[in-house]
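Reviewing the structure listed below.
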Amino acid sequence: MSVGGLRKFSRSGGRLGAGLLAAVALIAPAMAASAATPTVGDTVYVGDGTGYSGTSLHPVYPETPADPDHPGEAAFWAYCVEHDIPVQVRREGQLGDLDSFLGENYFAGDQAVQGRVLWILAHSYPALSLTDFGAAAGVPGISQNDAIEATQYAIWRYTDLDFDASWNWETQDSENAYWYLVDSANASDGMTSADFETTATVSAPLAHQSAESLIGPFLVNTNKPTASVSVDGGFVLTDAEGTPLDTDAVVDGQEIYIDARHLTVAGSATVTVSARGSSATGRVISTPTEPGETPTAGDHSQSLILVAGDATTTSDDATVTWAAAPGSGTVTTPTVPAGIPGPAGSGTGSDASGGAGQLAATGFAILPVAATSVLLGAAGAVALVSRRRRHGRA
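Residues -35 to -1, 1 to 359 in mature numbering (1 follows the signal peptide of the UniProt record, and there is no 0) are what the sequence shown lists, from first letter to last.
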């Protein structure tokens, strides 16, 4: 079983419209994609572990899979934080913060221990890829099972022991990676839950937008050094001057635009922002000993701690709709009062369904011309009679 990153719940993208839309643009900011990230109080599903017997990494799903035998790619993963308590899999658990931990070992309430465990989570597999973890630990080519074993033993070193034990390592790679994690965690200041907080949002422009222009600005906000942005429909993202952006190096507070200068028709598009990381890493999963029960301090199965994969991102998107360019040939059909036939084929008036309606529209269109001709003819006749009378008096 391979370890995958956080699945993206992407929002449906905006589509470039070739039809005729209203003359005023509509703004429709989208819901945040981060709604798919498990939060404190959520129920999650713990799947079968992967790794050596006794040191498994467990897949965690935001929802119970329809088929537990084929649950699909995991959204998150979890390590054990209680060595002596059996783990229960294929079971729902409750997600909480560090204070929700139900156990009685060193992890309970000891911020120094918690800080070292969080440091290990952030600097091991799967928060790092196997390649990156192996390089950092001085064990290039480390296997998945060895990386999992080293990480699990390093976590238990702090949660359940106050000394360095001689674990039953499967390989030398596992032992070497373990000592890298323990020595580095001891030398560090530890980490806190706040270190994992990841934000990435994008806001759609509020002003009227039209084709033949730069559509924007979209405002990007993130607490990470950089974020990535993308747009559907094959558009190019630019700055306010129309210069294409490095879409993988957008910073907090940056304004971006969609280049629609080549278009005349109305349309829409969706901009997505993504930042590496997830705020869910470091949260605790409490599972019951029996399905459907509520776990308590006196009766619970193995407590787990959540970790997001190396490819995990936190995302958001926003959609904008723009009008056709002014003077682009877009036709606006006038509204005709009910009961008065409209122009032929216009679909307005009391009958726009067939030939009768078209004939009525034709007659209506000729009527003003005929009336004008009659009036002009009558005026001419009056003028001629008047002229003859003047000539008779002479």
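Ideal Cβ positions, reconstructed from N, Cα and C, are used throughout, including at glycine.
- Item | Contact belief for F13 with V54 at Cβ below 8 Å, rounded distance in angstroms | One-based indexing of the sequence shown puts residue 13 at position 48. One-based indexing of the sequence shown puts residue 54 at position 89. Here the sequence assigns Asp to residue 13, which means Phe is not the residue at that position. Sure, about 5 Å apart at Cβ, within 8 Å.
- Closest residue to I270 among P91, P33, S18, Y17 (Cα-Cα distance): By 1-based counting over the sequence shown, the position of residue 270 is 305. For I270, the nearest C-alpha among the options comes from P91.
- Message: Only counting the same chain, and skipping five residues up and downstream in sequence, which positions put a Cβ closer than 7 Å to that of P256?
- Response: Taking the sequence shown and counting its residues from 1, one reaches residue 256 at position 291. Contacts found: R56.
- Message: Distance check for T212 and D49, CA to CA, integer angstroms please.
- Response: Against the sequence shown, residue 49 aligns to sequence position 84. Against the sequence shown, residue 212 aligns to sequence position 247. Taking the straight line from one Cα to the other gives about 48 Å.
- Message: Which of the three DSSP states is assigned to A317 in this structure?
- Response: Your numbering for residue 317 matches position 352 in the sequence shown. With a pLDDT of 35 at A317, under the threshold of 50, the modelled position of this residue cannot be trusted, and the question is left open.
- State the start and end residues of the unbroken alpha helix (DSSP H) segment that holds Q109. Taking the first residue of the sequence shown as position 1, residue 109 is located at position 144. Boundaries of the alpha helix (DSSP H) around Q109: 109 to 124.
- Message: Please state whether the Cβ-Cβ distance between S178 and A225 is less than 8 Å.
- Response: In the sequence shown, counting from the first residue as 1, residue 178 sits at position 213. In the sequence shown, counting from the first residue as 1, residue 225 sits at position 260. In contact: S178 and A225 (Cβ atoms closer than 8 Å).
- Beta-carbon contacts of S149 that lie in its chain and below 8 Å, excluding the five residues immediately before and after: Taking the first residue of the sequence shown as 1, we reach residue 149 at position 184. Contacts found: W84, H88.
- Message: Give me the residue from L67, D32, G242, R122 with the minimum Cα distance to A276.
- Response: Within the sequence shown, residue 276 is the residue found at index 311, counting from 1. For A276, the nearest C-alpha among the options comes from G242.
- Who are W42's beta bridge partners in DSSP? Counting from 1 along the sequence shown, the entry for residue 42 is found at position 77. W42 is bridged to P24, V272.
- Query: Distance, Cα to Cα, D125 vs E47?
  - Reply: Walking along the sequence shown from the start, residue 125 turns up at place 160. Walking along the sequence shown from the start, residue 47 turns up at place 82. If you draw a straight line from the Cα of D125 to the Cα of E47, it is about 7 Å long.
- Segments assigned beta strand (DSSP E), at least 3 residues, entirely inside the region 118 to 176: 165 to 168
- Cβ-based burial, A165 [other Cβ within 10 Å; buried from 16]: Mapped onto the sequence shown, residue 165 falls at position 200. Under a 10 Å Cβ-count criterion, A165 is classified as buried, with 16 or more other Cβ atoms of the shown protein chains found around its own Cβ.
- For N186, write down the residues that DSSP places opposite it in a beta bridge. Here residue 186 is taken as the residue at index 221 of the sequence shown, counted from 1. The partner list for N186 (beta bridge, DSSP) reads T166.
- Query: Can you list, in chain order, the residues of its chain whose CB lies under 7 Å from that of F66, leaving out five sequence neighbours each side?
  - Reply: The residue you call residue 66 lines up with position 101 of the sequence shown. F72, A73, V249, S268, listed in sequence order.
- Within its chain, find whatever has a CB closer than 7 Å to the CB of A245; leave out the 5 residues flanking it on each side and keep chain order. Here the question's residue 245 lines up with position 280 in the sequence shown. Scanning its chain for C-beta atoms nearer than 7 Å, with the 5 sequence neighbours on each side dropped, one finds around A245 the residues T2, P3, F41, L271, A273, in chain order.
- Message: Below 7 Å, is the gap between the Cβ of Y71 and the nearest heavy atom of the ligand GTP?
- Response: Here there are no bound small molecules, and the ligand GTP is not part of this structure.
- Backbone CA spacing between I120 and F183 [nearest angstrom]: Counted from its first residue, the sequence shown places residue 120 at position 155. Counted from its first residue, the sequence shown places residue 183 at position 218. If you take the alpha carbons of I120 and F183, they lie about 43 Å apart.
- Message: What residue range does the alpha helix (DSSP H) around T96 cover?
- Response: Translated into the one-based positions of the sequence shown, residue 96 becomes position 131. It spans 95 to 102 - the alpha helix (DSSP H) in which T96 sits, taken as one unbroken run.
- Task: Please name the residue or residues paired with Q59 in a DSSP beta bridge.
- Result: Residue 59 sits at position 94 when you count from the first residue of the sequence shown. Q59 pairs with T8, S251.
- Length of the line joining the Cα atoms of H265 and N110: Counting from one through the sequence shown, the residue named residue 265 turns up at place 300. Counting from one through the sequence shown, the residue named residue 110 turns up at place 145. Going from the Cα of H265 to the Cα of N110 covers about 27 Å.
- For S243, three-class secondary structure by DSSP: Start at 1 with the first residue of the sequence shown, and residue 243 comes out as number 278. Here S243 sits in coil by DSSP.
- Message: Could you give the first and the last residue of the continuous alpha helix (DSSP H) run that contains V82?
- Response: Translated into the one-based positions of the sequence shown, residue 82 becomes position 117. Unbroken alpha helix (DSSP H) run through V82: 76 to 87.
- Item | Nearest-angstrom Cα separation, counted from T116 out to L171 | Along the sequence shown, one-based indexing puts residue 171 at 206. Along the sequence shown, one-based indexing puts residue 116 at 151. One C-alpha to the other measures close to 48 Å.
- Item | Endpoints, beta strand (DSSP E) assigned at V215 | As a working note, residue 215 is residue 250 in the sequence shown. Looking at the DSSP string, V215 is not in any beta strand (DSSP E), and its letter there is neither H nor E.
- Would G247 pass as a contact of L86 if the rule is Cβ separation under 8 Å? As a first step, residue 247 must be located in the sequence shown, where it is residue number 282. As a first step, residue 86 must be located in the sequence shown, where it is residue number 121. Yes, the pair counts as a contact, with Cβ atoms nearer than the cut-off.
- Query: What residue does the beta strand (DSSP E) around S193 start on, and which one ends it?
  - Reply: One-based indexing of the sequence shown puts residue 193 at position 228. Counting along the chain, the beta strand (DSSP E) containing S193 begins and ends at 193 to 196.
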